[in-house]
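Numbering (mature numbering (1 follows the signal peptide of the UniProt record, and there is no 0)), first residue to last: -20 to -1, 1 to 103.
Even glycine gets a Cβ: it sits at the ideal position worked out from N, Cα and C.
Below, the structure is given as structure tokens:
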């Protein structure tokens, strides 16, 4: 029961941070500061690869939305639920590039949208 409470508290904390960051961005038109410690101490997640690993894509900047993505810089997400996502819309797929969660066209690799920061590769 204590673990369930800890997980709930962690989820509430993350949700509150996301709300505060969004409010800061909307009100100031400036990006919110990145948290200094984004590590979750939830059972079963401690062995997940960090985005400092080579699987997160190259450290280069993201291409502009609408431009093709280099396949060697894209980690294709095979389990979107681990990132809190539903299946990708038809004709697209999710991936991680340079620590950012993105959606790309499944046919031509065009960057369709940048969703959010991805602290870790979860699949």
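What does the alpha-carbon distance come out to for the pair residue i and residue j?
i: residue 18; j: residue 99; result: In this predicted model, residue 18 has a pLDDT of only 47, less than 50, meaning its place in the structure is not dependable; the value taken from the coordinates is given anyway. C-alpha separation (whole angstroms): 7 angstroms.
i: residue 91; j: residue -7; result: 27 angstroms
i: residue 79; j: residue 66; result: 20 angstroms
i: residue 94; j: residue 68; result: 13 angstroms
i: residue 83; j: residue 57; result: 10 angstroms
i: residue 85; j: residue -14; result: 34 angstroms
i: residue 96; j: residue 74; result: 12 angstroms
i: residue 41; j: residue 50; result: 12 angstroms
i: residue 12; j: residue 70; result: Annotation note: pLDDT 48 at residue 12 (below 50); position unreliable, no value reported.
i: residue 60; j: residue 72; result: 12 angstroms
Examine the ligand MN and report whether any of its heavy atoms sits within less than 7 angstroms of the Cβ of residue i.
i: residue 47; result: The ligand MN is absent from the structure shown, which contains no ligands of any kind.
Let's see if you can read the secondary structure: which residues bound the beta strand (DSSP E) around residue i?
i: residue 59; result: It is not in any beta strand (DSSP E) - residue 59 carries neither H nor E in the DSSP assignment.
i: residue 85; result: 80 to 85
i: residue 70; result: Taken as a continuous stretch (DSSP letters only), residue 70 belongs to no beta strand (DSSP E), as it is neither H nor E.
i: residue 92; result: 91 to 97
Anyone know if the C-beta pair for residue i and residue j falls short of 8 angstroms?
i: residue 88; j: residue 43; result: no
i: residue 77; j: residue 54; result: yes
On the DSSP bridge assignment, give the partners of residue i in chain order.
i: residue 75; result: 56, 82
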